[in-house]
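> Residue numbers (the working numbering), protein chains in the order written: chain A, 108 to 390; chain B, 445 to 667.
In this text, a Cβ means the ideal position worked out from N, Cα and C, and glycines have one as well.
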Amino acid sequence: MNTLKKFSLGILISIFISFSVSADKIKIGTEGAYPPWNAKDASGNLIGFEVELANELCKIMGHECTIVEQDWDGMIPALLMRKFDAIMAGMSITDERLKTINFSQGYADEVASLAVMKGSNLESIETSEGINLSKKSGSAKKDLKTITAALKGKTVCVQTATIHQNFLESGDVGKVNVRTYKTQDEVNLDLAAGRCDVALAAAVAFTDYADKSGKPVVLVGPTFSGGAFGNGVGVGIRKSGDGAIGKRDAQLLKDFNKAINEARKQGIISKLAIKHFGFDASM
Amino acid sequence: MDFDLMLNSFPKLLDATLVTLKLLSLSLIIGLFLGFCFAILRLSKNIFISRFAYGYSYLFRGTPLLVQIFIIYFGLGQIELLRTSILWVVLKEPYWCAIIAFSLNTGAYTSEIIRSALQTIKPGFIEAGKSLGLSNKIIFFKIQIPIAIRQSLPAYGNEIILMLKGTSLASTVTLMDLTGVAKYIISTTFKPVEVFIVAGSIYLFLTFLIHNLIKFLEKKYSY
Chain A
108 MNTLKKFSLG
118 ILISIFISFS
128 VSADKIKIGT
138 EGAYPPWNAK
148 DASGNLIGFE
158 VELANELCKI
168 MGHECTIVEQ
178 DWDGMIPALL
188 MRKFDAIMAG
198 MSITDERLKT
208 INFSQGYADE
218 VASLAVMKGS
228 NLESIETSEG
238 INLSKKSGSA
248 KKDLKTITAA
258 LKGKTVCVQT
268 ATIHQNFLES
278 GDVGKVNVRT
288 YKTQDEVNLD
298 LAAGRCDVAL
308 AAAVAFTDYA
318 DKSGKPVVLV
328 GPTFSGGAFG
338 NGVGVGIRKS
348 GDGAIGKRDA
358 QLLKDFNKAI
368 NEARKQGIIS
378 KLAIKHFGFD
388 ASM
Chain B
445 MDFDLMLNSF
455 PKLLDATLVT
465 LKLLSLSLII
475 GLFLGFCFAI
485 LRLSKNIFIS
495 RFAYGYSYLF
505 RGTPLLVQIF
515 IIYFGLGQIE
525 LLRTSILWVV
535 LKEPYWCAII
545 AFSLNTGAYT
555 SEIIRSALQT
565 IKPGFIEAGK
575 SLGLSNKIIF
585 FKIQIPIAIR
595 QSLPAYGNEI
605 ILMLKGTSLA
615 STVTLMDLTG
625 VAKYIISTTF
635 KPVEVFIVAG
645 SIYLFLTFLI
655 HNLIKFLEKK
665 YSY
């Protein structure tokens with residue numbers, strides 16, 4: 108009996124030790140379904156801009172990292188429940204999200220755009236090249252009016268819980284018929300199938316899909332930034348609470364900020380951005 | 445626990461429950477009709493007809509409902525020929541794709557329930573009918589069918605409850621049913637536990653109602 112007790116105690120202690128040892132390992136959550144930001148290859152390995160960047164940042168920080176997959180609509184809840192320690196999933200820094208979690212400085216800029224299938228009558232809408240919703244200049248207001256009129260009665264498809272959905276529901280383009288999907292892949296499929304008149308997402312998400320599928324998806328209207336679209340994409344980290352765990356979260360935020368500075372200085376972010384997006388989206 | 449959120453999300457979820465109930469009742473009605481037809485085809489003496497009915501039930505009971513709804517919604521949408529046909533008017537709408545998938549699925553299970561109920565009727569009942577000089581048609585509609593319905597009530601009650609939970613998959617094809625709206629609220633509040641507790645309770649309450657309705661019917665039609 109005594110040996111059994113010692114044995115069980117030994118197991119418990121070793122479990123406890125292995126837990127505390129693994130505490131310095133960082134888990135990073137990503138979606139794996141938002142190419143070229145993050146995606147999966149044919150054999151299910153995570154690939155893409157953020158997966159490579161995460162590995163580079165971990166190297167700089169000197170942490171051992173594992174990258175785990177998480178459905179987009181459960182990303183922030185999973186972070187809060189400590190399934191992982193950081194989010195790198197093309198997540199834009201918005202005021203809405205800052206109420207719940209912290210963000211590092213931005214590492215890349217995401218511009219959003221509307222997309223339609225070639226031949227759509229929306230192809231002809233005329234606006235300026237890009238509008239910044241934080242400034243809302245006269246021409247931006249005019250463009251929003253043009254878009255409002257164009258989207259009237261149309262089914263606009265977006266991925267759920269994104270800045271794109273927030274924008275469509277913000278009232279900036281009137282009341283539109285929004286349809287939400289679990290993944291961007293599904294938005295692309297239904298845009299190509301004709302169930303969506305128009306879709307809204309990161310411009311690169313559409314161009315990447317058009318390249319890979321050969322479907323005639325074209326970008327229309329201006330590129331959007333600022334306002335509901337946030338201020339670039341950053342690493343999402345829990346707001347630091349009390350105790351040792353809170354301290355660790357706070358430290359992690361500092362580490363990530365430092366590592367992003369370093370990676371920027373070394374040109375790593377630019378290099379990876381050009382590799383995956385075709386242009387320098389670093390910031 | 446954020447009780448305010450639970451209280452605030454309740455009316456929105458209750459509205460969405462109507463969508464869930466609409467999906468459930470319409471697919472059950474179509475499924476019941478399909479189930480009856482295929483149960484009778486299954487008992488046909490013609491081996492091809494009977495095999496065909498068996499194949500239908502085998503296919504839809506042997507694959508997950510999620511796969512079925514994805515094939516009908518995303519799969520059929522990929523076929524150029526379909527998209528230019530008149531069928532696209534129906535298949536374009538997520539609502540009808542969900543109804544088609546749910547009806548075919550519950551139809552397969554219902555056909556098995558009705559078939560086994562028909563087969564377990566004691567030969568004595570039919571012989572009694574024959575000895576009274578009743579025609580086969582009258583024996584079928586006035587003796588076999590009523591007994592089969594009574595026999596299949598407990599199993600069918602189960603099927604309704606399974607289908608109620610199955611409708612939650614409608615949210616995967618963009619429909620805003622109870623689960624869809626719950627997920628939507630979570631996507632803006634980031635609090636899954638509270639919202640899913642409320643949504644789960646509504647499902648539980650619906651199950652409670654269905655369960656008691658079936659129990660009442662069982663008692664009423666016992667013999």
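What does I630 of chain B touch in chain A if you count any residue whose Cβ is under 9 Å from its own?
D180, G181, P184, A268
> Could you list the residues in the region 285 to 314 of chain A with a C-beta less than 9 Å from some C-beta on chain B, going in chain order?
R286, T287, Y288, K289, E293, L296, D297, A299, A300, G301, R302
> For A130 of chain A, count neighbouring C-beta atoms within 10 Å of its own C-beta (all shown protein chains included) and say buried if the count is 16 or more, exposed if not.
Note that A130 of chain A has pLDDT 49, beneath the 50 cutoff, so the model's placement of it is unreliable and the number below is only indicative. By the 10 Å Cβ count, A130 of chain A comes out exposed.
> Whose C-alpha, out of A:E276, A:C303, A:V311, is nearest the C-alpha of T330 of chain A?
A:V311
> Sorted by chain position, which residues of the same chain lie with C-beta nearer than 7 Å to V128 of chain A's C-beta, five sequence neighbours on each side aside?
Because V128 of chain A carries a pLDDT of 45, less than 50, the predicted location of this residue cannot be relied on, and no value is offered for it.
> According to the neighbour-count rule (16 or more other Cβ atoms, all chains shown, within 10 Å of its Cβ), is E230 of chain A buried or exposed?
Around the beta carbon of E230 of chain A, fewer than 16 other beta carbons lie within 10 angstroms, which makes this residue exposed.
> Could you give the residue range of the beta strand (DSSP E) that holds R345 of chain A?
340 to 345
> How many angstroms separate the CA atom of P142 of chain A from the CA atom of G475 of chain B?
Going by C-alpha positions, P142 of chain A is about 40 Å away from G475 of chain B.
> One question on the structure: do V265 of chain A and V218 of chain A come within less than 8 Å of each other, judged by their Cβ atoms?
no
> Would Q522 of chain B pass as an interface residue toward chain A - the criterion being a Cβ-Cβ separation below 8 Å?
yes
> Quick one: is the Cβ of E662 of chain B within less than 7 Å of any heavy atom of the ligand HEM?
For the structure depicted, the ligand HEM is absent and the ligand set is empty, with no information on it obtainable.
> Contact between the region 266 to 274 of chain A and the region 294 to 310 of chain A: three or more CB pairs below 8 Å?
With the cut-off at 8 Å, the region 266 to 274 of chain A and the region 294 to 310 of chain A touch.
> Tell me whether the beta-carbon of A497 of chain B lies closer than 8 Å to the beta-carbon of F482 of chain B.
A contact, by the Cβ cut-off of 8 Å.
> Evaluate E138 of chain A with the Cβ neighbour count: other Cβ atoms within 10 Å of its Cβ, from every protein chain shown; 16 or more gives buried, anything less gives exposed.
buried
> Entirely within the region 609 to 649 of chain B and at least 4 residues each: give me those alpha helix (DSSP H) ranges in chain order.
622 to 633
> Are the C-beta atoms of A149 of chain A and some chain B residue less than 8 Å apart?
With 8 Å as the cut-off, A149 of chain A does not count as an interface residue toward chain B.
> In chain order, what residues of the region 504 to 530 of chain B put their CB closer than 7 Å to some CB of chain A?
Per Cβ criterion, the list reads F518, G521, Q522, R527.
> Short of 8 Å Cβ to Cβ, which residues in the region 606 to 639 of chain B face chain A?
T616, T618, K627, Y628, I630, S631, T632, F634, K635, P636
> Output, in chain order, the set of chain B residues within a Cβ distance shorter than 7 Å of L187 of chain A.
F634
> Answer with buried or exposed for F569 of chain B, where buried requires no fewer than 16 other C-beta atoms within 10 angstroms of its C-beta.
exposed
> Quick one: grab the DSSP three-state call for E276 of chain A.
In the displayed model, E276 of chain A falls within a helix according to three-state DSSP.
> Would T234 of chain A count as contacting chain B if we go by Cβ distances under 8 Å?
no
> From C541 of chain B to V463 of chain B, what does the alpha carbon distance come to, in whole angstroms?
In this structure, the straight-line span from the alpha carbon of C541 of chain B to that of V463 of chain B is close to 14 Å.
> Suppose the cutoff is 6 Å on Cβ atoms and the five residues either side in sequence are ignored; what does the same chain contact list for A299 of chain A look like?
For A299 of chain A, the CB contacts under 6 Å within the same chain, skipping 5 residues up- and downstream, are K322 in chain order.
> Quick check on E157 of chain A: buried or exposed, where buried means 16 or more other Cβ atoms within 10 Å of its Cβ?
Classification for E157 of chain A: buried.
> Which residues bound the alpha helix (DSSP H) around N209 of chain A?
Per DSSP, N209 of chain A belongs to no alpha helix (DSSP H); it is in the beta strand (DSSP E), 208 to 215.
> Would you report the Cα separation of S332 of chain A and E176 of chain A, rounded to the nearest angstrom?
27 Å
> Residues of chain B with CB under 8 Å from T201 of chain A, in chain order?
Within chain B, no residue comes near T201 of chain A; the closest Cβ sits about 12 Å away, beyond 8 Å.
> What residues in the region 203 to 222 of chain A bring their beta carbon closer than 7 Å to a beta carbon of chain B?
T207
> Should the region 553 to 562 of chain B be regarded as contacting the region 574 to 583 of chain B, the criterion being three or more beta carbon pairs within less than 8 Å?
no
> Quick one: which chain A residues come within Cβ less than 9 Å of K536 of chain B?
A300, G301, R302
> With distances taken between CB atoms, is the gap from I513 of chain B to V625 of chain B smaller than 8 Å?
no
> Skipping 5 residues on each side, what residues in its chain have a beta carbon closer than 6 Å to that of S241 of chain A?
Contacts found: G333, G334.
> Just the C-alpha distance for L258 of chain A and G155 of chain A, rounded to the nearest angstrom, thanks.
32 Å
> Got a sec? Which residues, its chain only, sit under 6 Å from K534 of chain B by beta carbon, not counting five neighbours each side?
The amino acid at residue 534 of chain B is misidentified as Lys; the sequence shows Val. Counting only Cβ-Cβ distances below 6 Å, and skipping sequence neighbours, we find W540.
> Return helix, strand or coil for E159 of chain A, following the three-state DSSP convention.
helix
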